[in-house]
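Residue numbers (our numbering): 26 to 112.
Structure (structure tokens):
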């Protein structure tokens, strides 16, 4: 039950940021263009500024060593799973 409420609230925040041109920072699945030193050519959840243009730009956060390793590991796992899919 709680899951669909969370999804609904996320959609409200995303659409509000776009329709109201809010320049709001929201963690959202975006293309990693190299801002973080992780797997490239990968869509992954990263903080981004959203406004009427959609994703205006990605936000570079300063991570400690553990956070950096966790992000790198998540990207590698995601890339590995995606490479196993057959289209």
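All C-beta atoms in this analysis are idealised placements derived from N, C-alpha and C, irrespective of residue type, glycine included. Given the structure is predicted, the values throughout are model-derived calculations rather than measurements.
Residue environment analysis places residue 100 among the buried positions, since at least 16 neighbouring C-beta atoms fall within 10 angstroms of its C-beta. Judged by DSSP secondary structure, residue 70 falls within the beta strand (DSSP E) whose first and last residues are 68 to 76. Rounded to whole angstroms, the separation of the alpha carbons of residue 74 and residue 83 is 6 Å.
Residue nearest to residue 72 within the set 52, 111, 104, 48 is 52 (criterion: CA-CA distance). Under DSSP, residue 49 takes part in a beta bridge, and its partners are 75. Burial is judged here by how many other beta carbons sit within 10 angstroms of a residue's own beta carbon; residue 63 has at least 16 and is buried.
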